[in-house]
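Colleague: Here it is: the structure, laid out below.
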Amino acid sequence: DAGVIQSPRHEVTEMGQEVTLRCKPISGHDYLFWYRQTMMRGLELLIYFNNNVPIDDSGMPEDRFSAKMPNASFSTLKIQPSEPRDSAVYFCASSPGQGSQPQHFGDGTRLSIL
Amino acid sequence: SQQGEEDPQALSIQEGENATMNCSYKTSINNLQWYRQNSGRGLVHLILIRSNEREKHSGRLRVTLDTSKKSSSLLITASRAADTASYFCAIDTGTASKLTFGTGTRLQVTL
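Pasting the structure below:
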């Protein structure tokens, strides 16, 4: 079975540009999570969806960040405008049930904002 | 914060030795999970222990949970070079469908 697929794997862009990260969860999984990982702050939950509906976006750092899930097989995380402090690895994960279920992670997008 | 904190932050052992990592947390939990992260990859779920369980095994992994002390430990027996990775605990409080991850332990297993 295919796991969680994220694209791109690496993104390098200049400050001020719009960045779009993409995620395809495992088929049949009801929950989708977006995380950010940095050395300083560790792994932070940004937002999660249940059945394509955003449930908790309290981790989204500011209005420059937005996330959508137009259907059960696709989600995007957008940063506009991007800033150097947004540089991090962004992970998408999905789970088949409530958050108490094990989560399946993609391999992440390494984002560098110059 | 209800974030789990792993101890030690880093651990270096030789192949064949056992590795023990600890996780402490601050709130009541529904379950606690352990994940592994290899360099450049996403996290991989290893084992889940429920709040009413005290010990769980999976292959060379042994997890214990002490809810009175709000702590858990992950033991990897007979470690291998392939066990080199970062290990994270994750807490499910049962109040929301999400996990809170700890700070991680970096394990280095040398030949």
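Protein chains in written order, with my numbering: chain A, 1 to 114; chain B, 1001 to 1111.
No residue lacks a Cβ here, since even glycine has one placed at the ideal position from N, Cα and C.
Can you name, in chain order, every residue of its own chain whose Cβ lies under 6 Å from the Cβ of B:G1004, other than the five neighbours on each side?
Modeller: For the purposes of this step, residue 1004 of chain B is taken as the residue at position 4 of the second sequence. Around B:G1004: C1023, Y1025, C1089, I1091 and G1102.
Colleague: Can you check whether the C-beta of B:F1101 is within less than 9 Å of a C-beta belonging to chain A?
Modeller: One-based indexing of the second sequence puts residue 1101 of chain B at position 101. Output row for B:F1101: interface = yes.
Colleague: In this structure, how does DSSP classify A:P54 when only helix, strand and coil are distinguished?
Modeller: On the first sequence, residue 54 of chain A is found 54 positions in, with the first residue counted as 1. Of the three classes helix, strand and coil, the one that applies to A:P54 here is strand, per DSSP.
Colleague: Does any residue of chain A have a CB that is nearer than 9 Å to the CB of B:A1096?
Modeller: Here residue 1096 of chain B refers to the residue found at position 96 when the second sequence is read from its first residue. For B:A1096, the answer is yes, since a Cβ of chain A falls inside 9 Å of its Cβ.
Colleague: Less than 9 Å between the C-beta atoms of A:E11 and A:V4, yes or no?
Modeller: Translated into positions along the first sequence, residue 11 of chain A becomes position 11. Translated into positions along the first sequence, residue 4 of chain A becomes position 4. The answer is no: Cβ separation not under 9 Å.
Colleague: Applying the 10 Å Cβ sphere with the 16-neighbour rule, what's the burial state of A:P84?
Modeller: As a working note, residue 84 of chain A is residue 84 in the first sequence. A:P84 should be labelled exposed.
Colleague: Let me check understanding here. Comparing Cα to Cα, which of A:Q101, A:K24, A:T109 and A:M69 lies closest to A:D86?
Modeller: In the first sequence, counting from the first residue as 1, residue 86 of chain A sits at position 86. Closest by alpha carbon: A:T109.
Colleague: Mind checking B:Q1002: buried by the 16 CB within 10 Å criterion, or exposed?
Modeller: One-based indexing of the second sequence puts residue 1002 of chain B at position 2. With a pLDDT of only 47 at B:Q1002, under the threshold of 50, the placement of this residue in the model should not be trusted, and no figure is reported.
Colleague: From A:N71 to A:H29, what distance separates their C-alpha atoms?
Modeller: In the first sequence, the residue the question calls residue 71 of chain A occupies position 71. In the first sequence, the residue the question calls residue 29 of chain A occupies position 29. Each residue's Cα considered, the two are about 12 Å apart.
Colleague: For B:S1039 and B:V1109, what's the separation of their Cα atoms in angstroms?
Modeller: Here residue 1039 of chain B refers to the residue found at position 39 of the second sequence. Here residue 1109 of chain B refers to the residue found at position 109 of the second sequence. Going by the C-alpha atoms only, they are around 14 Å apart.
Colleague: Looking at the secondary structure, which residues open and close the beta strand (DSSP E) in which A:H10 lies?
Modeller: Here residue 10 of chain A corresponds to residue number 10 of the first sequence, with the count starting at 1. A:H10 -> beta strand (DSSP E) spans H10 to T13.
Colleague: Anyone know if the C-beta pair for B:I1129 and B:R1060 falls short of 9 Å?
Modeller: Beyond the ends of chain B as shown, which are 1001 and 1111, falls residue 1129 of chain B; an answer cannot be given.
Colleague: Please classify B:S1012 as buried or exposed, where buried requires at least 16 neighbouring CB atoms within 10 angstroms.
Modeller: Position 12 of the second sequence holds residue 1012 of chain B. Counting Cβ neighbours within 10 Å, B:S1012 comes out exposed, since fewer than 16 surround it.
Colleague: Label B:K1098 either buried or exposed according to how many other C-beta atoms from any shown protein chain fall within 10 Å of its C-beta, with 16 as the threshold for buried.
Modeller: Position 98 of the second sequence, counted from the first residue, corresponds to residue 1098 of chain B. Result: buried.
Colleague: Along chain B, which residues have their Cβ under 9 Å away from the Cβ of A:G106?
Modeller: Here residue 106 of chain A refers to the residue found at position 106 when the first sequence is read from its first residue. Correct list: G1042.
Colleague: So, for B:R1036: in the same chain, excluding its five sequence neighbours on each side, which residues have a beta-carbon less than 6 Å away from its beta-carbon?
Modeller: Counted from its first residue, the second sequence places residue 1036 of chain B at position 36. Contacts found: V1044, L1046, A1085 and Y1087.
Colleague: Taking C-alpha atoms, which residue in A:I55, A:D57 and A:A88 lies nearest to A:M40?
Modeller: Taking the first residue of the first sequence as position 1, residue 40 of chain A is located at position 40. That would be A:A88, whose Cα lies nearest to the Cα of A:M40.
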